[in-house]
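In our numbering, the protein residues as written are 296 to 722. C-beta atoms are modelled at their ideal positions from N, C-alpha and C, and glycine is treated no differently.
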Amino acid sequence: MQTIRDVVARHKAGEAIGITSVCSAHPLVIEATLRHADRRATPIVLIEATSNQVNQDGGYTGMVPSEFRDFVHGIAERAGFAADRIVLGGDHLGPNAWTRLPAAEAMAKAEVMVADYVGAGFRKIHLDCSMSCADDPVPLPERTIADRAATLCAAAERAHDGSPDDAPVYVIGTEVPVPGGAAEDLHELALTTPEDALATVALHRRLFADKGLAAAWERVIATVVQPGVEFDHEKVLDYRPDKAVALSRAIEGDERIVYEAHSTDYQTAPALAALVRDHFAILKVGPGVTFALREALWALDAIEAELIDAAERANLRAVTLGRMQAEPANWQRYYHAAGDDLERQLQYSLSDRIRYYWPDAEIVAAQERLFANLRATPPSLPLVSQYLPIAYAAVRDGRATLDPIDLIVAHVGATLDAYHGACHPHD
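Set out below in structure tokens:
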């Protein structure tokens, strides 16, 4: 995928330029991402699906890779966004969805998944075999992780039958934060040491060569490390450049590889810019944008309560909380409060486990009714200012209408603005 390789090459040549990776399967988040890219004239948009969201078994979205591709391209078509500006990526591709199985079985399924991603046109592939399967030791030895990553790379290479310029690019690395944020109360994180970061790269390079993947190694663009950023339910650990000086400098000796930073959600705009400057040039964001989506939906729910008779309201917030309580599987491992405290966690935790519930049929119906109500009775500017001040500014500037989707897109766009500013500091 030459477009991404070109951005990485520019960064390695000294430009403080980066790439934002939006990891979400929510149609409104994807639409907001594409419309934001049009507004900011961003040349390419990177949208990634994770292995538990999308796989050959459907994942929690119910989509296989080709269906997710068509889903994203359908949103792009409706938004008037050119599909050739979209790069699709696969995040945490490995045995993560099947760790209950013995390693051989889990890896066999992971090979099918990676091949399906590449066959469907995904061109940025994060090879993540850091998790232990049913018959594995805990923790998994570094060499086993790297060897399995090389095995999956071989499956990806076999699945690609296009031109060399369109061949997949790869991300490696074993210090991968927990998807969706930490479940425990955080205080401080240990950064990846420079020695460990370089050793990971060297080990993968050697094992790729052993499996005849030297050509694929030339397309490894990044390695995942821990720069000291994370979030839990209520706190954010901010990037501290002074603590990451040695780690940042360590990758400067590699002519092609940058760092990929996960869990950058909720970092401040200056922190994001510092991450890119310090060679954490690929910034992943997922819960941060769906958290903004939930903020906007709750604000619209509050506006509805001001405008619509009680008998006609969609009551999206109440419907969503009811469905979460009725189907707790997606949050009960992470939230351990009770009563009012639990209700607050369900709604406001920075890990945003609520994102798993938006496809629920009852919630979708309530959202559609909410939108219909607010289209039939549009909110006044003062109401928008009260509950969605960022979107109010967009309406006043002529960048948004009072349509509920426009208001949501404007609100989510403020989160994306911080990432754009970090990755394109001269725009």
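Along the chain, where does the beta strand (DSSP E) that runs through residue i open and close?
{"i": "aspartate 386", "result": "381–388"}
{"i": "glutamate 555", "result": "553–556"}
{"i": "valine 580", "result": "577–580"}
Using beta-carbon positions only, say whether residue i and residue j come within less than 8 Å of one another.
{"i": "glutamate 470", "j": "valine 433", "result": "no"}
{"i": "threonine 487", "j": "leucine 542", "result": "yes"}
{"i": "histidine 306", "j": "isoleucine 312", "result": "yes"}
{"i": "lysine 579", "j": "alanine 556", "result": "yes"}
{"i": "glutamate 343", "j": "isoleucine 370", "result": "no"}
{"i": "alanine 600", "j": "leucine 508", "result": "no"}
{"i": "serine 346", "j": "asparagine 391", "result": "yes"}
{"i": "valine 466", "j": "alanine 517", "result": "yes"}
{"i": "leucine 323", "j": "phenylalanine 376", "result": "no"}
{"i": "alanine 441", "j": "alanine 410", "result": "no"}
{"i": "threonine 710", "j": "alanine 587", "result": "yes"}
{"i": "leucine 484", "j": "glutamate 525", "result": "yes"}
{"i": "leucine 678", "j": "alanine 591", "result": "no"}
{"i": "isoleucine 577", "j": "arginine 618", "result": "no"}
Just tell me which of the options has its CA closest to the CA of residue i.
{"i": "valine 496", "options": "Leu484, Val553 and Ala450", "result": "Val553"}
{"i": "arginine 443", "options": "Gln627, Ser425 and Ala661", "result": "Ser425"}
{"i": "alanine 624", "options": "Ile516, Pro463 and Leu641", "result": "Leu641"}
{"i": "glutamine 348", "options": "Asp560, Val359 and Pro338", "result": "Val359"}
{"i": "aspartate 242", "options": "Gln297, Arg373 and Arg334", "result": "It is not possible to answer for residue 242, since the shown part of the chain is limited to 296 through 722."}
{"i": "proline 674", "options": "Glu529, Leu702, Lys530 and Thr446", "result": "Leu702"}
{"i": "glycine 389", "options": "Arg664, Gly357, Val382 and Leu422", "result": "Leu422"}
{"i": "aspartate 549", "options": "Tyr651, Glu622 and Trp512", "result": "Trp512"}
{"i": "glutamate 663", "options": "Arg612, Ala441 and Val340", "result": "Arg612"}
{"i": "glutamate 547", "options": "Arg418, Thr356 and Ala304", "result": "Ala304"}
{"i": "serine 316", "options": "Ala587, Gly384 and His574", "result": "Gly384"}
{"i": "valine 447", "options": "Met402, Val659 and Pro489", "result": "Correcting the residue type first, residue 447 is leucine in the shown sequence and not valine. Out of Met402, Val659 and Pro489, Met402 has the C-alpha closest to the C-alpha of leucine 447."}
{"i": "histidine 706", "options": "Ala539, Glu657, Asp533 and Trp593", "result": "Trp593"}
{"i": "glycine 416", "options": "Arg589, Ser427, Phe363 and Arg438", "result": "Phe363"}
{"i": "leucine 697", "options": "Leu669, Cys718 and Ala713", "result": "Leu669"}
{"i": "arginine 544", "options": "Asp573, Gln562, Arg501 and Val531", "result": "Asp573"}
{"i": "proline 253", "options": "Gly581, Ile299, Glu310 and Arg373", "result": "With the chain covering only 296 through 722, there is no way to say anything about residue 253."}
From the DSSP output, which residues share a beta bridge with residue i?
{"i": "isoleucine 299", "result": "Answer is none; isoleucine 299 lacks a bridge partner."}
{"i": "threonine 345", "result": "Asp386"}
{"i": "phenylalanine 526", "result": "Val531"}
{"i": "methionine 358", "result": "Val349"}
{"i": "histidine 721", "result": "None; histidine 721 has no bridge partner."}
{"i": "lysine 419", "result": "Gly384 and Val464"}
{"i": "valine 340", "result": "Ile381"}
Would you call residue i buried or exposed, if buried means 16 or more other Cβ atoms sit within 10 Å of its Cβ?
{"i": "histidine 715", "result": "buried"}
{"i": "serine 646", "result": "buried"}
{"i": "glycine 353", "result": "exposed"}
{"i": "valine 367", "result": "buried"}
{"i": "proline 463", "result": "buried"}
{"i": "aspartate 430", "result": "exposed"}
{"i": "arginine 628", "result": "exposed"}
{"i": "valine 340", "result": "buried"}
{"i": "alanine 332", "result": "buried"}
{"i": "glutamate 479", "result": "The pLDDT assigned to glutamate 479 is 48, lower than 50, so where the model puts this residue is not dependable; a value taken from the coordinates is nonetheless given after this. So glutamate 479 counts as exposed."}
{"i": "leucine 676", "result": "exposed"}
{"i": "alanine 671", "result": "exposed"}
Can you tell me where the alpha helix (DSSP H) holding residue i begins and where it ends?
{"i": "lysine 404", "result": "398–414"}
{"i": "threonine 315", "result": "No alpha helix (DSSP H) holds threonine 315; the beta strand (DSSP E) holding it covers 314–318."}
{"i": "valine 519", "result": "Per DSSP, valine 519 belongs to no alpha helix (DSSP H); it is in the beta strand (DSSP E), 515–519."}
{"i": "histidine 331", "result": "322–335"}
{"i": "leucine 645", "result": "Leucine 645 -> no alpha helix (DSSP H), and no H or E assigned at all."}
{"i": "leucine 542", "result": "540–545"}
{"i": "isoleucine 603", "result": "From DSSP, isoleucine 603 is part of no alpha helix (DSSP H); its letter is neither H nor E."}
{"i": "arginine 694", "result": "Run containing arginine 694: none; DSSP gives neither H nor E here."}
{"i": "asparagine 668", "result": "656–671"}
{"i": "leucine 493", "result": "489–505"}
{"i": "methionine 619", "result": "611–621"}
{"i": "glutamate 437", "result": "437–454"}
{"i": "alanine 633", "result": "First-last for alanine 633: undefined, no H or E at that position."}
{"i": "tyrosine 682", "result": "676–682"}
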